[in-house]
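So the structure is just underneath, and the comments pick up after that.
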Amino acid sequence: SQKIEQNSEALNIQEGKTATLTCNYTNYSPAYLQWYRQDPGRGPVFLLLIRENEKEKRKERLKVTFDTTLKQSLFHITASQPADSATYLCALDNSNSGYALNFGKGTSLLVTP
Amino acid sequence: DAGVIQSPRHEVTEMGQEVTLRCKPISGHNSLFWYRQTMMRGLELLIYFNNNVPIDDSGMPEDRFSAKMPNASFSTLKIQPSEPRDSAVYFCASSFAGGAYEQYFGPGTRLTVT
């Protein structure tokens, strides 16, 4: 069955460093992959989308890579700030439902001053 | 636009009662999704609609769950009868259809069934 794995352990880093979060998947051939941010008590908020034929995408301090051979996406936040503290979810297109998404369980990021 | 609107924000009910959750998607979006989020299982897709038509309801856990979208600006998710294991946060999201578009989530409804 299709599986999306994100590190369940929280990632603690110091302000100013680069945070790197990992999303691995199995039994999938996604056409695209998305990353969302979720703050406590709120719904997820879209950050970036990367397609299968793109290796890297950037938006301000965010960078996403997509390696379809390794079946892995890396999400980087450079010059991290305490305001970046949140849970980050990766999502893949649902092979059964076309436009729907399957989400990983997310990784919690804590950036300390 | 006000974004995706969900009501109620919190619902506490007793086991066996009927629960109805409501969602108003972003105007112009023609795909609507219902998700459930728990610590154990994460964010799970329950059902999604395209142009008001249910496309995939394979995530609906049981016959106790039903969803409708009578028009482009309103959807409901109903649980009847509710059980304690239904306690979760239920999210509605909307997007454009037809490709790789981001989804816009509502604030969620926190359901507690006692």
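Going down the list, the protein sequences come from chains A and B.
Letter by letter, the first sequence follows residues 1 to 113 in our numbering.
Letter by letter, the second sequence follows residues 1 to 114 in our numbering.
Using N, Cα and C, we set each Cβ at its ideal position, and we do this for glycine too.
Is residue i buried or exposed, if buried means 16 or more other CB atoms sit within 10 Å of its CB?
| i | result |
| --- | --- |
| residue 10(A) | exposed |
| residue 29(B) | buried |
| residue 15(A) | exposed |
| residue 50(B) | buried |
| residue 48(A) | buried |
| residue 105(A) | buried |
| residue 63(B) | exposed |
| residue 17(A) | exposed |
| residue 91(A) | buried |
Less than 7 Å between the C-beta atoms of residue i and residue j, yes or no?
| i | j | result |
| --- | --- | --- |
| residue 77(A) | residue 61(A) | yes |
| residue 43(A) | residue 65(B) | no |
| residue 32(A) | residue 88(B) | no |
| residue 72(A) | residue 24(A) | yes |
| residue 85(B) | residue 10(B) | no |
| residue 113(B) | residue 13(B) | yes |
Does residue i come out as helix, strand or coil in the three-state DSSP assignment?
| i | result |
| --- | --- |
| residue 10(A) | coil |
| residue 9(B) | coil |
| residue 19(A) | strand |
| residue 51(A) | strand |
| residue 85(B) | helix |
| residue 70(B) | strand |
| residue 91(A) | strand |
| residue 83(A) | helix |
| residue 14(B) | coil |
| residue 110(B) | strand |
| residue 62(A) | strand |
| residue 37(A) | strand |
| residue 94(B) | strand |
| residue 72(A) | strand |
| residue 55(B) | strand |
Under the DSSP definition of a beta bridge, which residues are partnered with residue i?
| i | result |
| --- | --- |
| residue 4(B) | According to DSSP, residue 4(B) bridges with nothing at all. |
| residue 31(A) | DSSP lists no partner for residue 31(A). |
| residue 46(B) | Answer is none; residue 46(B) lacks a bridge partner. |
| residue 37(B) | 43(B) and 89(B) |
| residue 108(A) | 87(A) |
For the ligand MG, is there any heavy atom lying closer than 6 Å to the beta carbon of residue i?
| i | result |
| --- | --- |
| residue 30(B) | Here there are no bound small molecules, and the ligand MG is not part of this structure. |
Practice item. Report the residues of the stretch 47-77 of chain A with a CB closer than 7 Å to any CB of chain B, ordered along the chain. Key: Taking 7 Å as the Cβ-Cβ cut-off, the stretch 47-77 of chain A approaches chain B at 49 and 51, given in chain order.
**Study point:** Selection of the stretch 87-113 of chain A by Cβ proximity to chain B, strictly under 9 Å
**Key:** Hits within the stretch, in order: 89, 91, 93, 94, 96, 97, 98, 99, 100, 101, 102, 103, 104, 105 and 106.
Check your understanding: Relative to chain B, which residues along the stretch 12-45 of chain A have a C-beta separation below 9 Å, given in chain order?
Key -> Answer in chain order: 31, 32, 34, 36, 38, 41, 42, 43, 44 and 45.
**Study point:** Residues, ordered as in the chain, of the stretch 78-102 of chain B that lie near chain A by beta-carbon distance below 8 Å
**Key:** Taking 8 Å as the Cβ-Cβ cut-off against chain A, the residues of the stretch 78-102 of chain B that qualify are 91, 93, 95, 97, 98, 99, 100, 101 and 102.
Practice item. Using a Cβ-Cβ cut-off of less than 7 Å, give me the residues of the stretch 26-48 of chain B that come near chain A, in sequence order. Key: Residues of the stretch 26-48 of chain B whose Cβ lies closer than 7 Å to any Cβ of chain A, in chain order: 31, 33, 42, 43, 45 and 48.
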